[in-house]
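A short worksheet on the structure shown next.
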Amino acid sequence: MHAASRAAPAAGGDPTGDPSSPYFIDADHPYATAAASTLTSHRSRSKWSHLSSLPVPDSLPASAVAAVPLLLRRRPHVALSFYLFATRRLLPTRSPPPLVLSASAAHVAAASRLRRAALSVLSSAARHYSHSQIFRALAATYRRFSSAPFVFDLLLLAYLRSRRDNIAAASIARRILAAGARPLPSTSAALLRSLSADAALDMYHDIYTHPSSRTNSQLLPTVQTFNSLLLTFYREGRCRDFKIVLEEMDKYSCRHNVSTYNIQIAAHFDDKEVEKAQGLWDEMVQGGIQPDVATYNTMISGYCGAGEVGMAEEMFKDMEMGGINPSATTFEWLVRGHCRVGDIDAVMLVRSDMRRRGFQMAAEVVEEVVDVLCQNKRVKEALNVLKEETRSEEFVPSQGCYKVLIKGFCEQGEVEVAMKLQAEMAGKGFKAGREVYHAFVCAYEKVEDYEMAERLRKEMSVISIEDE
Numbered sequence: 001m002h003a004a005s006r007a008a009p010a011a012g013g014d015p016t017g018d019p020s021s022p023y024f025i026d027a028d029h030p031y032a033t034a035a036a037s038t039l040t041s042h043r044s045r046s047k048w049s050h051l052s053s054l055p056v057p058d059s060l061p062a063s064a065v066a067a068v069p070l071l072l073r074r075r076p077h078v079a080l081s082f083y084l085f086a087t088r089r090l091l092p093t094r095s096p097p098p099l100v101l102s103a104s105a106a107h108v109a110a111a112s113r114l115r116r117a118a119l120s121v122l123s124s125a126a127r128h129y130s131h132s133q134i135f136r137a138l139a140a141t142y143r144r145f146s147s148a149p150f151v152f153d154l155l156l157l158a159y160l161r162s163r164r165d166n167i168a169a170a171s172i173a174r175r176i177l178a179a180g181a182r183p184l185p186s187t188s189a190a191l192l193r194s195l196s197a198d199a200a201l202d203m204y205h206d207i208y209t210h211p212s213s214r215t216n217s218q219l220l221p222t223v224q225t226f227n228s229l230l231l232t233f234y235r236e237g238r239c240r241d242f243k244i245v246l247e248e249m250d251k252y253s254c255r256h257n258v259s260t261y262n263i264q265i266a267a268h269f270d271d272k273e274v275e276k277a278q279g280l281w282d283e284m285v286q287g288g289i290q291p292d293v294a295t296y297n298t299m300i301s302g303y304c305g306a307g308e309v310g311m312a313e314e315m316f317k318d319m320e321m322g323g324i325n326p327s328a329t330t331f332e333w334l335v336r337g338h339c340r341v342g343d344i345d346a347v348m349l350v351r352s353d354m355r356r357r358g359f360q361m362a363a364e365v366v367e368e369v370v371d372v373l374c375q376n377k378r379v380k381e382a383l384n385v386l387k388e389e390t391r392s393e394e395f396v397p398s399q400g401c402y403k404v405l406i407k408g409f410c411e412q413g414e415v416e417v418a419m420k421l422q423a424e425m426a427g428k429g430f431k432a433g434r435e436v437y438h439a440f441v442c443a444y445e446k447v448e449d450y451e452m453a454e455r456l457r458k459e460m461s462v463i464s465i466e467d468e
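Here the sequence shown is numbered in UniProt numbering, starting from 1 and rising by one per residue.
In structure tokens form, the structure reads like this:
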């Protein structure tokens with residue numbers, strides 16, 4: 001259902017025609033008419049220089065500036081370019097754009113379905129005005145621009161994305177509902193994902209199950225709506241409450257999709273319920289739903305976490321046979337799974353395959369590989385792994401990785417190598433903790449260099465080394 005079919009928040013009268021109103025838009029102002037004429041009658045290369053040469057009154061009112069996007073609304077890209085021109089050339093330095101100008105530009109962008117531009121305008125306004133001020137400005141100027149209800153969704157999304165203010169976004173949603181409108185399902189889903197589980201469930205009921213007599217009933221919840229609710233419960237570890245969401249899905253005869261299954265499968269693996277996770281997989285496949293890369297990654301990570309690395313490898317084979325390209329996460333979980341069962345050869349084979357396909361391990365995964373190699377006295381091999389990974393400018397070794405290597409070389413009596421690693425570690429901004437000092441002390445005592453060992457002990461006590 002398109003947003004245009006929704007009711008828009010109503011506004012009494014037309015405050016844009018009232019000179020005493022803060023939302024007054026003066027389309028007859030000489031500057032407004034001259035600017036609009038210049039931007040429509042001149043060629044693209046010369047119109048902005050002509051606009052810059054127009055005389056500007058000493059006290060150019062916001063009502064005149066806001067009128068230009070109105071007059072140019074049939075040419076939305078030009079109107080939005082004027083908005084940028086006005087904020088940079090017509091306003092005092094570091095002055096916030098007038099609220100009525102922001103509302104004008106947002107309406108033009110929304111009516112033309114220029115989503116990104118509208119979000120940018122509204123995000124900028126949100127840095128200077130409260131959500132209630134912006135909402136009132138949009139509602140007051142809505143009819144003058146023959147705008148689209150979508151503009152209120154965009155305001156909500158602007159607060160979610162640029163301000164990360166879910167409280168303000170929820171308040172905007174309630175204002176939309178109070179005006180007899182309803183957010184688009186995609187907007188509602190984004191809002192639900194940003195809230196706590198209980199708040200999301202309350203908001204869901206406000207939007208869909210407690211509509212007013214004026215609310216458009218055609219904008220029904222979608223599978224994304226319910227997946228968002230499932231996700232909020234999953235994040236809080238309240239997977240036993242999934243049944244609340246699944247019952248709501250049944251009320252609307254809403255079919256589960258792959259994401260619905262992914263969330264539930266992940267929850268069962270988190271609870272060590274491997275058989276239930278496998279049962280959902282079987283149900284999904286038998287129901288004709290094609291697993292995606294996230295499904296396979298969830299299954300592989302779940303099996304690896306449960307120590308069933310063989311099953312994870314079988315799932316990986318099934319993934320490739322099904323034409324699903326593995327991601328870096330896929331390989332990382334396989335590496336971790338083999339590390340946890342101590343199968344070093346398998347670790348190195350998976351890592352080799354991963355690198356051949358152009359993927360790089362995250363720092364915490366490299367640390368696990370280095371750790372398992374050092375535990376098995378393959379310290380030089382572990383160092384080679386670190387060196388290979390650090391060839392990429394994007395890779396930043398973890399402090400734990402250095403600690404494991406320093407301890408490993410100290411245990412093998414190669415103190416000089418350990419010292420070089422400690423210097424490199426310090427160069428990365430990591431401090432030597434008690435564990436590192438202890439490794440060096442033990443190494444020096446092993447070669448009967450008690451003087452150096454004692455010196456390190458004193459250094460530890462003087463600088464009050466704490467465990468990292």
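Where is the CB? At the ideal position from N, CA and C, for every residue including glycine.
Remember, predicted model here, so these are calculated numbers, not experimental data.
Notebook entry, point to check: At what residues does the alpha helix (DSSP H) containing V341 begin and finish?
Noted result: No alpha helix (DSSP H) contains V341, which DSSP labels as neither H nor E.
Notebook entry, point to check: Does any residue of chain C bring its CB to less than 7 Å from the CB of Y402?
Noted result: Of the chains in the structure shown, none is chain C; there is only one protein chain.
Checklist line | CB contact flag (T298, I324, <7 Å) | finding: Against a cut-off of 7 Å, the Cβ pair of I324 and T298 comes out as no contact.
Check: Nearest to V121 by alpha carbon, out of A109, R357, I167 and F359?
Finding: Looking at the Cα atoms, A109 is the closest of the given residues.
Next item on the list: Using three-state DSSP, classify D292 as helix, strand or coil.
Entry: Residue state, collapsed to three classes: coil.
Next item on the list: Output yes or no for whether 7 Å exceeds the beta carbon distance between V335 and V365.
Entry: Yes, Cβ-Cβ distance for V335 and V365 is below 7 Å.
Next item on the list: Count the other CB atoms, across all protein chains shown, that sit within 10 Å of the CB of C410; report buried if there are 16 or more and exposed otherwise.
Entry: Under this definition C410 is a buried residue.
Next item on the list: Grab me the residues of R175's own chain with a C-beta within less than 6 Å of its C-beta, minus the 5 sequence neighbours each way, in chain order.
Entry: Closer than 6 Å at Cβ, skipping near neighbours: F135.
Checklist line | Start and end residues, alpha helix (DSSP H) containing N166 | finding: Per DSSP, N166 is one residue of the alpha helix (DSSP H) stretching across N166 to A178.
Check: Counting along the chain, where does the alpha helix (DSSP H) carrying T38 start and finish?
Finding: It spans P30 to S41 - the alpha helix (DSSP H) in which T38 sits, taken as one unbroken run.
Margin query: Considering only the alpha carbon of each residue, which of M419, S228 and L54 lies closest to V436?
Written below: The option with the nearest alpha carbon to V436 is M419.
Margin query: I'd like the ranges of any alpha helix (DSSP H) spanning at least 4 consecutive residues and lying wholly in the UniProt repeat "PPR" (292-326).
Written below: Taking only runs of at least 4 residues, the alpha helix (DSSP H) segments lying wholly in the UniProt repeat "PPR" (292-326) are 293-305 and 309-321.
Item checked: Nonlocal neighbours in the same chain, by C-beta distance under 6 Å from A111, ignoring five residues either side -> Cβ neighbours of A111 beyond the five flanking positions: S147 and A148.
Notebook entry, point to check: Out of curiosity, what's the CA-to-CA distance linking A277 and L192?
Noted result: Roughly 25 Å separates the two Cα atoms.
Next item on the list: Could you round the C-beta distance between C304 and W281 to whole angstroms and report it? I think they count as a contact, below 8 Å.
Entry: That pair is no contact at about 15 Å.
Next item on the list: Provide the residue span of the alpha helix (DSSP H) that contains G427, from first to last.
Entry: Residue range V415 to G427 is occupied by the alpha helix (DSSP H) that includes G427.
Next item on the list: Answer with buried or exposed for H107, where buried requires no fewer than 16 other C-beta atoms within 10 angstroms of its C-beta.
Entry: It is buried - the Cβ of H107 has at least 16 other Cβ atoms within 10 Å.
Notebook entry, point to check: What did DSSP end up calling I25 once you bin it into helix, strand or coil?
Noted result: The three-state secondary structure of I25, taken from DSSP, is coil.
Item checked: Top-ranked residue by Cα proximity to A178, from R127, V447 and D206 -> Taking only the C-alpha atoms, the option nearest A178 is D206.
Check: Hey, is the stretch 25-35 in contact with the stretch 156-175, meaning 3+ C-beta pairs nearer than 8 Å?
Finding: In this structure the stretch 25-35 does not lie against the stretch 156-175, because fewer than three pairs of beta carbons, one per stretch, are closer than 8 Å.
Note to self: Quick check on D14: does DSSP put it in helix, strand or coil?
What the structure shows: If DSSP states are grouped into helix, strand and coil, D14 belongs with coil.
Next item on the list: Using only alpha-carbon positions, find the residue among V56, E393, L229 and S37 that is nearest to A363.
Entry: For A363, the nearest C-alpha among the options comes from E393.
Checklist line | F440 versus R434 - alpha carbon distance | finding: Cα to Cα, F440 sits roughly 10 Å from R434.
Next item on the list: Pull up the CB-CB distance for L54 and L39, whole angstroms please, since I reckon it's below 8 Å.
Entry: A Cβ-Cβ separation of about 10 Å leaves L54 out of contact with L39 under the 8 Å criterion.
Checklist line | Range covered by the alpha helix (DSSP H) that runs through residue 527 | finding: In the structure as shown, the chain starts at 1 and stops at 468, and residue 527 therefore has no counterpart that could be examined.
Check: How is the alpha helix (DSSP H) around H128 delimited, first residue to last?
Finding: Per DSSP, H128 is not a residue of any alpha helix (DSSP H), being assigned neither H nor E.
Check: Helix, strand or coil: which one does DSSP assign to M460?
Finding: DSSP places M460 in helix when its eight states are reduced to three.
Note to self: For A169 and L156, I'd like the C-alpha separation in whole angstroms.
What the structure shows: If you draw a straight line from the Cα of A169 to the Cα of L156, it comes to about 5 Å.
Notebook entry, point to check: How close, in whole Å, do the beta carbons of R351 and V369 come, if the pair is a contact with beta carbons under 8 Å?
Noted result: Your pair R351 and V369 checks out as a contact, with CB atoms roughly 7 Å apart and the cut at 8 Å.
Item checked: Rounded C-alpha distance that separates H77 from R144 -> Between the C-alpha atoms of H77 and R144 there is a straight-line separation of about 19 Å.
Margin query: According to DSSP, simplified to helix, strand and coil, what is E393?
Written below: Coil.
Next item on the list: Report yes or no: do three or more beta-carbon pairs, one from the stretch 58-66 and one from the stretch 88-100, lie closer than 8 Å?
Entry: Contact between the stretch 58-66 and the stretch 88-100 is present, because at least three Cβ pairs lie under 8 Å.
Next item on the list: Counting only the same chain and skipping the five closest in sequence on each side, list residues whose C-beta sits under 6 Å from that of D26.
Entry: Annotation for D26: S63, A64 and A67 place their beta carbon closer than 6 Å to its own, counting only its chain and skipping 5 residues before and after.
Item checked: Reduced DSSP category for D353 - H, G, I as helix; E, B as strand; rest coil -> D353 falls in the helix class under three-state DSSP.
Item checked: Beta-carbon proximity check, A36 vs L71, cutoff 7 Å -> The answer is yes: Cβ separation under 7 Å.
Notebook entry, point to check: Where does G279 fall in DSSP's three states?
Noted result: DSSP places G279 in the helix class (H, G or I) of the three-state scheme.
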